[in-house]
Amino acid sequence: MFSFFNIKCDKAHEICNKSQYNEATFSEKLKLNWHLLTCKICRLYTKQNSTITSICKEKAEDVKMQENNLSDLDKEQLKEKMEKLLQQ
Amino acid sequence: MYFYPVSETKTNTLNPNKWIDSYADYLYNYTIARVNDSDIAKDLVQETFFSGLRSAKNFEGKSTERTWLISILKRKIIDYYRKINSKKGQAEVRMSFYDNGDNEGNWIEERVPQSWDKSAEQNIENDELKSQIEICISKLPQKYAMVFRMKTIQEFETDEICKELDITSSNLWVMIHRARTQLRECMEINWFKK
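For the record, the sequence lines run as chains A and B.
First residue of the first sequence: 6, per the working numbering; consecutive thereafter.
First residue of the second sequence: 979, per the working numbering; consecutive thereafter.
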């Protein structure tokens, strides 16, 4: 019974990472939480991992607002190169 | 200059003269979301158009012009990913966080996380903090940075990334894991140190 719950720190991190994206399964979450009860270092790691996730989420919001377009100059240069290829 | 499809039943045609005005920005945005580098993105878009021209005679008109160009671009992105994945010069610093001996799978003492400065931690909307994470991501080996960005910043689904880069999901999680452990350490040293 308890061997089901017994995971090492490396496995705990794997689950912890998945859960950052809500992709850990129910049984994985159980195992992780059980491990966290007994492992202080992984508790800290999990907390910090979540902090990193929150920062990245903030960044993701910024990125969504950005528009990336090619400059007119880039497009002109590209057109010239295309012309040359078309003439060949 | 027009390229007509062979069969009459097919309706889509290629019109390379209009490619840049019609699709350059679309392809560029598509690429930048995946490679996060304007120069590389420009190169890949250019190569896509060139390959498109060269293989225009193979266009069967079954898909739209745009879909067809995207399918070429997708190949280019996989090629780019494989190139950075196999880069030899940039020898990967294999940082080990876990013990291999008696204590297998557990923390190595020097690598144990330290508690972070509370006041710094609460302030996640801070712009400087966001630039710091950007610096730390850019210090990662390129392939980890690419996968991590796609997953975390661009918020792609796992399946989508696996399909686009032609990797397995366990492969993806290993890279996410390495990226995150290195990021955590980088943030600790540069930002959260008490």
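All C-beta atoms in this analysis are idealised placements derived from N, C-alpha and C, irrespective of residue type, glycine included.
Out of the options, which has the shortest C-alpha to C-alpha gap to residue i?
i       : options                               : result
B:L1118 : B:F1037, B:E1025, B:K1108 and B:T1159 : B:T1159
B:H1155 : B:D1137, B:W1085 and B:Y1122          : B:Y1122
B:W1046 : B:Y1058, B:S1029 and B:Y1059          : B:S1029
B:W1173 : B:M1153, B:R1012, B:S1147 and B:T1026 : The structure shown does not extend to residue 1173 of chain B, since chain B spans only 979 to 1172, so no value can be given for it.
A:K28   : B:E1142, B:L1161 and B:E1133          : A quick correction: the sequence has Glu, not Lys, at residue 28 of chain A. Answer by Cα proximity: B:E1133.
Less than 8 Å between the C-beta atoms of residue i and residue j, yes or no?
i       : j       : result
B:R1044 : B:Y1001 : yes
A:E72   : B:K1108 : no
A:K113  : B:W1151 : Absent from the model: residue 113 of chain A. The displayed extent of chain A is 6 to 93, so no value can be given.
B:T991  : B:L1051 : no
B:N1084 : A:C14   : yes
B:I1111 : B:M1153 : no
B:I928  : B:D1144 : An answer regarding residue 928 of chain B cannot be provided, because it is not within the stretch 979 to 1172 covered by chain B.
B:Y1058 : B:V1125 : no
B:T1136 : B:S1147 : yes
A:K36   : A:I12   : yes
A:L83   : B:Y1006 : no
Tell me the DSSP bridge mates of residue i?
i       : result
B:L1051 : The partner list for B:L1051 (beta bridge, DSSP) is empty, contrary to what the question assumes.
Quick check on the burial criterion: 16 or more other C-beta atoms within 10 angstroms. Buried or exposed for residue i?
i       : result
A:L91   : exposed
B:E1087 : exposed
A:L78   : exposed
A:E81   : exposed
B:F1170 : buried
A:M87   : buried
A:L42   : exposed
A:F9    : exposed
A:Q25   : buried
A:E85   : exposed
What does the alpha-carbon distance come out to for the pair residue i and residue j?
i       : j       : result
B:I1048 : A:S55   : 35 Å
B:E1106 : A:L49   : 23 Å
B:Q1068 : B:K1061 : Any reading at B:Q1068 must be qualified, since the residue scores a pLDDT of 49, below 50, and its modelled position is unreliable; no value is offered.
B:V1023 : B:I1167 : 38 Å
A:K52   : B:P1091 : 11 Å
A:E66   : A:T58   : 12 Å
B:A1011 : B:M1128 : 7 Å
B:I1113 : B:G1039 : 45 Å
B:I1131 : B:D1015 : 14 Å
B:P994  : B:Y1004 : 15 Å
A:H3    : B:I1115 : Since the displayed chain A opens at 6 and closes at 93, residue 3 of chain A lies outside it and no answer follows.
B:K1020 : B:K1054 : 12 Å
B:A1157 : B:Q1120 : 10 Å
B:R1089 : A:K16   : 16 Å
B:K1141 : B:N1063 : 16 Å
A:C47   : A:M70   : 35 Å
A:K34   : B:R1162 : 21 Å
A:H40   : B:K1096 : 24 Å
A:N38   : A:F31   : 11 Å
B:Q1034 : B:D999  : It should be pointed out that residue 1034 of chain B corresponds to Ala in this sequence rather than to Gln. Distance between the alpha carbons of B:A1034 and B:D999: 18 Å.
B:T1042 : A:V68   : 29 Å
A:K89   : B:N1036 : 21 Å
A:Q93   : B:N1104 : 54 Å
B:E1138 : B:K1065 : 24 Å
For chain D, find out if any of its Cβ atoms is closer than 8 Å to the Cβ of residue i; answer yes or no.
i       : result
B:V1090 : In the structure shown, chain D cannot be found, because the protein chains are A and B.
Let me check you understand the geometry: is the CB of residue i closer than 7 Å to at least one non-hydrogen atom of the ligand FMN?
i     : result
A:T43 : Summarising the ligand content, the structure contains no ligands, and the ligand FMN is consequently not present.
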